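Read the structure below first, then the notes.
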Amino acid sequence: MRSMTGFGYVEGTGKLGFYKIYLRTLNHRFLELNCRIPREMNMWEDKIRNLVKEDISRGKVEVKIDFEPQEEAFSVEANIVLARSYWKALQKIVQELRLLQQPDLFSLLQVGEIVQVKEESSRWEEEWENFNPLLRQAIQSLISYREVEGSHLREDLLFWLRELERLTGEIEKKAPLVHTYYRDKLLQRIKEFLPEAKIDEALLAQEVIFYVEKSDINEEVVRLKAHISRMNKLLSQDKAVGRELEFILQEMNREVNTMGSKSCQVEVSSLVVEMKTIIEKMWEQVRNVE
């Protein structure tokens with residue numbers, strides 16, 4: 002199990018320059034990938050995205066690359082024919098307008114077309130073979146960080162899951178007492194409002210059964226125990242389980258809420274409050290699981 006929060010860094014040298022690769026991830030509902038790379042590497046962006054997606058399935062991911070080029074990274078060309086034509090034109094302007102200032106090299110270089118950086122895509126395509134291993138190392142560094150964080154999340158979730166299982170067991174023990182609870186409560190009300198009335202045991206039994214059926218939480222207990230078992234299995238897996246954990250917590254919360262609305266026993270209501278608090282703590286952790 003991995004956390005969605007992580008950091009990876011690798012630096013290394015290729016044929017065209019020196020690279021610093023930074024990978025940062027934060028929790029996010031889906032995979033959101035943002036690349037901040039030098040302009041000359043734009044042709045690599047799709048390849049970078051595909052490599053990251055192979056190993057990262059969820060989270061907000063930022064890829065940042067710093068590049069210190071060597072001379073081989075660029076080819077600078079001068080258009081001598083164009084420069085000569087511009088130079089003649091500048092001299093003619095000076096002569097015709099009888100200017101004191103003479104044209105110089107700086108004036109000539111203001112013309113953007115004279116000196117240009119020639120981009121050779123084949124050179125960068127070959128350089129990908131040098132950059133690819135560095136990016137893979139950075140991704141592995143990120144994964145290792147996320148796995149360490151994920152192991153801490155697993156420990157916390159297992160702790161709270163055991164607490165939830167313990168409280169579920171206590172509620173399961175108290176569930177059969179609901180029959181006695183409602184019988185005693187009905188008898189108390191009858192004696193309070195009709196102290197002289199003769200109690201019909203058959204009718205009383207029917208009323209007790211009616212209230213017991215309405216407040217029966219056995220089904221909710223069974224389903225909750227099944228969810229706890231399923232989560233235990235998920236927490237032992239190495240694949241991305243965040244979305245399924247979120248779904249299970251939703252179902253757990255639904256079952257616990259139903260228990261609370263059905264039962265009028267003070268002891269059960271108190272346990273339900275504890276269980277809801279635990280589920281909320283688990284939510285805080287699961288939101289950061291890949």
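Heads up, the sequence shown is in our numbering, so the first residue is 2 and it goes up one at a time. The C-beta atom is built at its ideal place from N, Cα and C for all residues, glycine as well. The structure presented is a predicted model; accordingly, all values stated were derived computationally and were not measured.
Counting only residues of its own chain and dropping the five nearest sequence neighbours on each side, W45 has a CB closer than 8 Å to the CB of I38, W125, W129 and F132. In this structure, the straight-line span from the alpha carbon of R224 to that of E173 is close to 12 Å. By a beta-carbon distance limit of 8 Å, M253 does not contact I218. Their separation comes to about 14 Å.
With fewer than 16 other CB atoms across the displayed protein chains lying within 10 angstroms of its CB, A227 is exposed. The Cβ atoms of I66 and I22 sit closer than 8 Å to each other. Residue A241 holds the alpha-carbon nearest to the alpha-carbon of R59 among V257, A241 and E268. Looking at E148, M2, G113 and A139, the one whose alpha-carbon comes closest to that of A79 is G113. Around the CB of G170, fewer than 16 other CB atoms lie within 10 Å, so the residue is classed as exposed. With fewer than 16 other Cβ atoms inside 10 Å of its own Cβ, V149 counts as exposed.
Here S237 carries a coil assignment [DSSP, helix/strand/coil]. The beta-bridge partner set that DSSP reports for I66 consists of I22. With respect to L24, A139 sits close: the two C-beta atoms are nearer than 8 Å. A distance of 8 Å or more separates the beta carbons of L154 and T26. In this structure, the alpha-carbon of S237 lies about 8 Å from that of M2. Annotated three-state conformation of N133 is helix, per DSSP. If you ignore the 5 residues before and after S152, its C-beta comes within less than 8 Å of the C-beta of M2, all in its own chain and listed in chain order. Contact between M276 and L165 holds, with the beta-carbon distance rounding to 6 Å and staying under 8 Å. A residue is called buried once 16 or more other Cβ atoms fall within 10 Å of its Cβ, and L110, having fewer, is exposed. Under DSSP, the beta-bridge partners assigned to R37 are K65. Nearest Cα to C36 within the set A90, L246, R30 and L52: L52.
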